[in-house]
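What follows is one structure encoded as structure tokens, with my remarks underneath.
In the numbering used here, the protein residues as written are 1 to 168.
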């Protein structure tokens, strides 16, 4: 074991203090030796994430899954640079899995917001129906059906006459 590896210490921020005294920032990816041609083995989840399974999970579980997928994607990107073997299919699947998880998180959040604002006077703009500008400007059915007092009186004073025509 070399001296530099044995004397390496880490603080709570992920910054290592080498034996030489200089500090290096440890990013979210593990250390990889870029000079070796052999990539380091990774623990990979080969299966794609199924959206149906995500709906049953809680928000904490979803965020945990999202974090795992993102770190795995970062490791795969490093591996792609290091090794000559292409990891494009796995990277593609991981990106789509991340998108699925984010979609479920956002839809769950929006449904909770819809429940919260259900009986409130105003609804946030992004939760209102989109439609077209002309449809949004139209009178509501309640506003359309309202009539003035004068109009009501006129209608009652001059009702539609009913009559029958004798056949010739």
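C-beta: ideal position from N, C-alpha, C; glycine also.
| Asked | Found |
| --- | --- |
| Who are the near neighbours of residue 113 in its chain, counting only those whose CB is closer than 8 Å to its CB and skipping five residues on each side? | 124 and 127 |
| Please classify residue 97 as buried or exposed, where buried requires at least 16 neighbouring CB atoms within 10 angstroms. | buried |
| Could you give the DSSP three-state label for residue 166: helix, strand or coil? | coil |
| Kindly indicate the opening and closing residues of the alpha helix (DSSP H) around residue 67. | 59-82 |
| Buried or exposed: where does residue 68 fall if 16 or more other Cβ atoms within 10 Å of its Cβ makes it buried? | exposed |
| Could you say which of 83, 102, 143 and 117 lies nearest to residue 61 if we only look at CA atoms? | 102 |
| Beta-carbon within less than 7 Å of residue 50's beta-carbon, same chain only, minus the 5 sequence neighbours each way: which residues are those? | none |
| Alpha helix (DSSP H) containing residue 53: first to last residue? | 51-54 |
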